[in-house]
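Heads up, the numbering used here is the position in the sequence shown plus 95, with the first residue counted as 1.
Idealized CB from N, CA, C, for every residue including glycine.
Below: one structure, written as structure tokens.
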Amino acid sequence: MPIYRFGSRYSRWDGSQQIGPLSADDLMRAMSDDLMQDGDVNRALQRLFRWGFQRPDGENVPGLQGLMQRLRERRQQQLEQYNLQSMLNDIAERIEQIVATEREGIERRLDKTSTGEQRSSSRSGAASPPSDDDSGSPRDSVPEGQPSSRGGETGQSGQGNREKEQQSGNTDGSADPDLQKLLEAMAERRVQQLDALPKDPAAAIRALTEYDFMSPEARQQFQELLDMLQQQMTQQMFQGMQQALSQMTPEDLGEMRQMMQELNEMLEARRRGDDPGFQEFMHRWGQFFGPGVNSLDELMERMQQQMGAMRQLMQSMTSDQRGQLQGLMQAAMQDEGLREQMARLGENLGALIPPEQWQRGYEFSGDESLTLEQAIRLMDRLGDYDKLESEFRDVRDWDDLAALDDTKIRDLLGEEEEEQLNQLRQIARMLEQAGYIRQTRRGYELTPQGVRKIGEKALTDIFADLKRDRAGQHDLRREGGSGDRTDVTKAYEFGDPFLLDIPKTIMNAIQRGESPSSDAPGVRLLPRDFEVYRTEYTTRTATVLMVDMSRSMLYNGCFNAAKRVALALDSLIRGKYPRDHLSIIGFSYLAQEIKPADLPSIDWNEYNYGTNMQHGFQLARQILGREKGANRQIIVITDGEPTAHFDNGHVRFSYPPTPRTFQETLREVIRCTRDGITINTFMLERSPYMVQFI
96 MPIYRFGSRY SRWDGSQQIG PLSADDLMRA MSDDLMQDGD VNRALQRLFR WGFQRPDGEN
156 VPGLQGLMQR LRERRQQQLE QYNLQSMLND IAERIEQIVA TEREGIERRL DKTSTGEQRS
216 SSRSGAASPP SDDDSGSPRD SVPEGQPSSR GGETGQSGQG NREKEQQSGN TDGSADPDLQ
276 KLLEAMAERR VQQLDALPKD PAAAIRALTE YDFMSPEARQ QFQELLDMLQ QQMTQQMFQG
336 MQQALSQMTP EDLGEMRQMM QELNEMLEAR RRGDDPGFQE FMHRWGQFFG PGVNSLDELM
396 ERMQQQMGAM RQLMQSMTSD QRGQLQGLMQ AAMQDEGLRE QMARLGENLG ALIPPEQWQR
456 GYEFSGDESL TLEQAIRLMD RLGDYDKLES EFRDVRDWDD LAALDDTKIR DLLGEEEEEQ
516 LNQLRQIARM LEQAGYIRQT RRGYELTPQG VRKIGEKALT DIFADLKRDR AGQHDLRREG
576 GSGDRTDVTK AYEFGDPFLL DIPKTIMNAI QRGESPSSDA PGVRLLPRDF EVYRTEYTTR
636 TATVLMVDMS RSMLYNGCFN AAKRVALALD SLIRGKYPRD HLSIIGFSYL AQEIKPADLP
696 SIDWNEYNYG TNMQHGFQLA RQILGREKGA NRQIIVITDG EPTAHFDNGH VRFSYPPTPR
756 TFQETLREVI RCTRDGITIN TFMLERSPYM VQFI
């Protein structure tokens with residue numbers, strides 16, 4: 096037996112891939128089962144765009160649930176990729192790099208000064224007169240990285256050294272040994288300070304804040320680290336905060352402290368129930384919060400969103416990790432007033448915003464490293480995943496579906512998913528344009544054309560596996576024999592009907608090498624040259640449609656749907672399969688045959704209780720007994736289990752149904768089965784008794 100190997104290759108969406116277009120027929124096939132259950136078009140459409148469906152070719156068209164699952168998978172992929180501990184490790188490594196750079200700078204300054212002293216001594220021994228640009232002058236020997244008061248630095252010893260250097264002026268090299276000793280003593284103190292730095296990153300940052308750097312590179316690296324921590328802390332609260340705290344003037348810092356104090360006072364007034372004075376506050380400080388904030392509730396929501404990523408990050412960490420990050424933030428915030436106001440702001444927002452509205456934390460399990468900035472951006476993206484999933488979950492109708500943000504879907508899921516969502520939005524419009532549904536004041540409903548389409552799908556399912564019988568219009572999955580001729584040909588085999596395809600037969604002989612000649616003007620044929628037409632069978636069937644007419648069909652809202660199906664089956668069988676036989680039986684307390692002309696006017700039985708399937712099967716078996724074909728079947732449309740049966744010529748009703756009712760009904764089912772009759776049941780309700788009986 097040959098072995099077939101199948102493989103698939105997947106690639107990222109690049110716009111060249113094509114998503115197969117949807118057709119109204121595909122949509123009707125997908126909705127037919129739901130429509131036959133309750134006949135509610137609006138509910139069937141909702142199930143379609145929520146759960147998706149499968150095309151006839153086997154391709155799955157995802158619904159909102161499928162898109163939500165992809166969203167969860169993307170989010171889980173992020174969680175399984177990264178390690179939050181690496182963020183703290185990155186900060187610790189940056190501190191180590193700053194210390195290493197400072198140590199290298201100290202060594203470099205000592206080496207440079209020592210070399211300059213040696214050159215100065217050599218020139219002095221040669222009795223050469225000093226000049227203004229002599230490299231051995233004390234001014235040239237002063238290390239470039241020696242701390243000063245620039246940029247707000249507080250190194251007092253560096254300032255004293257700078258004054259001593261200025262006092263020495265441009266003298267001869269005799270001052271170099273003193274300056275070298277001074278520099279060595281200062282370098283030794285710096286090294287001792289570096290050796291004594293705490294291992295905890297937050298404590299190390301506090302110590303380095305008081306440290307007077309000798310290396311400009313190390314000072315710059317440390318300031319960049321402080322700026323990063325400060326910006327992550329302030330920008331998560333205030334959209335308009337773009338300037339680093341280190342670049343603010345004292346007036347800017349004072350203004351920010353005043354803004355935060357008034358913000359806290361406004362929130363505390365809200366907590367007390369007093370007038371918060373929102374308009375006056377926004378008139379003074381609106382630039383910190385961006386446009387579009389028109390009320391205190393909107394301001395709190397805006398700040399909640401901006402602070403969400405940092406709070407989410409905190410909640411995703413262990414208690415030790417959370418303590419380390421909080422310590423780092425506090426150490427970086429050197430302004431005591433700002434630090435107090437930010438802590439006060441966090442308490443006020445926590446009291447005013449319910450805890451369940453704060454975004455939850457996540458569990459990370461990956462190995463890939465990331466920085467604090469990357470972690471904040473990652474939390475923003477994970478929060479976007481959560482919001483989009485919530486929007487998917489809140490979709491109830493077509494307006495909600497149309498309101499979903501295409502840009503957000505394309506960013507978080509991709510262009511393929513965006514295209515699939517657009518297809519879902521067009522479902523109702525496509526069905527309406529095809530004439531299968533129409534919109535009314537109560538929503539969508541089926542048109543007669545849509546009812547026939549449902550019946551066609553039902554017939555296709557029912558007649559999917561037919562046995563060979565007398566000629567009809569039903570296709571069989573079987574070829575050969577004395578059936579109808581097709582347009583497909585094959586090489587002749589013994590037993591095939593001799594339906595010769597003459598042109599192909601002659602061409603087979605010519606391809607074999609035969610050709611006309613003067614001696615033999617014709618083409619000589621051999622049996623292997625014969626090409627014959629394939630044949631196929633069509634068959635017929637006899638069907639009895641049993642429609643439940645009990646009052647429960649009306650109470651459950653199923654009778655109109657069953658009536659539509661009966662009408663569709665009748666019109667389809669009589670139109671598409673005219674050789675078939677169709678009878679219709681209505682059953683409730685008793686069963687009776689219904690003429691096709693009376694089908695549009697049938698109604699449920701409101702006078703008698705009971706669902707007498709036994710009588711219905713008995714009457715159907717009698718009708719089909721007059722049909723001698725091999726394909727005989729009963730189609731039952733009901734919303735419940737049998738609740739009545741014949742007993743000594745009288746109808747016995749009981750609900751819940753008794754075992755005797757089940758037994759008598761099943762006896763009639765067995766008789767139908769013995770006569771070769773197939774029974775297909777459409778359950779419009781799935782009660783426990785009904786499922787047990789079926």
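Coarse secondary structure for residue i, derived from DSSP in three states
i: residue 162; result: helix
i: residue 465; result: coil
i: residue 621; result: coil
i: residue 226; result: Low confidence applies to residue 226: its pLDDT is 39, below 50, so where it sits in the model is not reliable enough to give any reading.
i: residue 565; result: Because the pLDDT of residue 565 is 49, which lies under 50, any placement of that residue in the model is unreliable, and the question is left without a value.
i: residue 278; result: helix
i: residue 474; result: helix
i: residue 645; result: coil
i: residue 141; result: helix
i: residue 173; result: helix
i: residue 534; result: strand
i: residue 480; result: helix
i: residue 681; result: strand
i: residue 741; result: strand
i: residue 640; result: strand
i: residue 286; result: helix
i: residue 507; result: helix
i: residue 196; result: helix
i: residue 764; result: helix
i: residue 324; result: helix
i: residue 654; result: helix
i: residue 244; result: Because residue 244 carries a pLDDT of 34, less than 50, the predicted location of this residue cannot be relied on, and no value is offered for it.
i: residue 524; result: helix
Supposed contact pair residue j and residue i - C-beta distance, whole angstroms, cut 8 Å
i: residue 746; j: residue 707; result: 6 Å
i: residue 507; j: residue 169; result: 7 Å
i: residue 281; j: residue 200; result: With a Cβ gap of about 13 Å, residue 281 and residue 200 do not count as contacting.
i: residue 181; j: residue 465; result: 6 Å
i: residue 516; j: residue 504; result: 6 Å
Limits of the beta strand (DSSP E) - the one that residue i falls within
i: residue 728; result: 727-733
i: residue 500; result: Here residue 500 belongs to no beta strand (DSSP E), and DSSP marks it neither H nor E.
i: residue 603; result: Run containing residue 603: none in the beta strand (DSSP E); it sits in the alpha helix (DSSP H), 597-607.
i: residue 736; result: From DSSP, residue 736 is part of no beta strand (DSSP E); its letter is neither H nor E.
i: residue 426; result: Counting along the chain, residue 426 falls outside any beta strand (DSSP E), though it belongs to the alpha helix (DSSP H) covering 414-427.
i: residue 686; result: 686-689
i: residue 775; result: 772-778
Proximity below 8 Å, CB of residue i to CB of residue j
i: residue 471; j: residue 391; result: no
i: residue 530; j: residue 521; result: no
i: residue 678; j: residue 735; result: no
i: residue 771; j: residue 727; result: yes
i: residue 603; j: residue 626; result: yes
i: residue 539; j: residue 140; result: yes
i: residue 483; j: residue 174; result: no
i: residue 119; j: residue 525; result: yes
i: residue 277; j: residue 198; result: no
i: residue 430; j: residue 348; result: yes
i: residue 156; j: residue 532; result: no
Among the options, the one whose alpha carbon lies nearest that of residue i
i: residue 776; options: 295, 684, 730 and 512; result: 730
i: residue 351; options: 437, 276 and 286; result: 437
i: residue 584; options: 447, 498, 629 and 494; result: 629
i: residue 457; options: 492, 480 and 447; result: 480
i: residue 820; options: 305, 286 and 638; result: With the chain running from 96 to 789 in the structure shown, residue 820 is simply not present.
i: residue 149; options: 126, 489 and 135; result: 126
i: residue 445; options: 406, 154, 474 and 191; result: 406
i: residue 617; options: 601, 623 and 607; result: 601
i: residue 685; options: 664, 371, 641 and 723; result: 641
i: residue 324; options: 498, 468 and 713; result: 468
Delimiting residues of the alpha helix (DSSP H) encompassing residue i
i: residue 292; result: Premise fails: residue 292 is in no alpha helix (DSSP H) and is neither H nor E.
i: residue 790; result: Here the chain has residues from 96 to 789 only, and residue 790 is not among them.
i: residue 437; result: 431-447
i: residue 305; result: Counting along the chain, residue 305 falls outside any alpha helix (DSSP H), and DSSP gives it neither H nor E.
i: residue 513; result: 510-520
i: residue 715; result: 708-720
i: residue 45; result: This structure cannot settle anything about residue 45, because the visible part of the chain is limited to 96 through 789.
heavy atom of the ligand COA below 7 Å from residue i C-beta
i: residue 282; result: In the structure shown, the ligand COA is absent, as is every other ligand, since no ligand is present at all.
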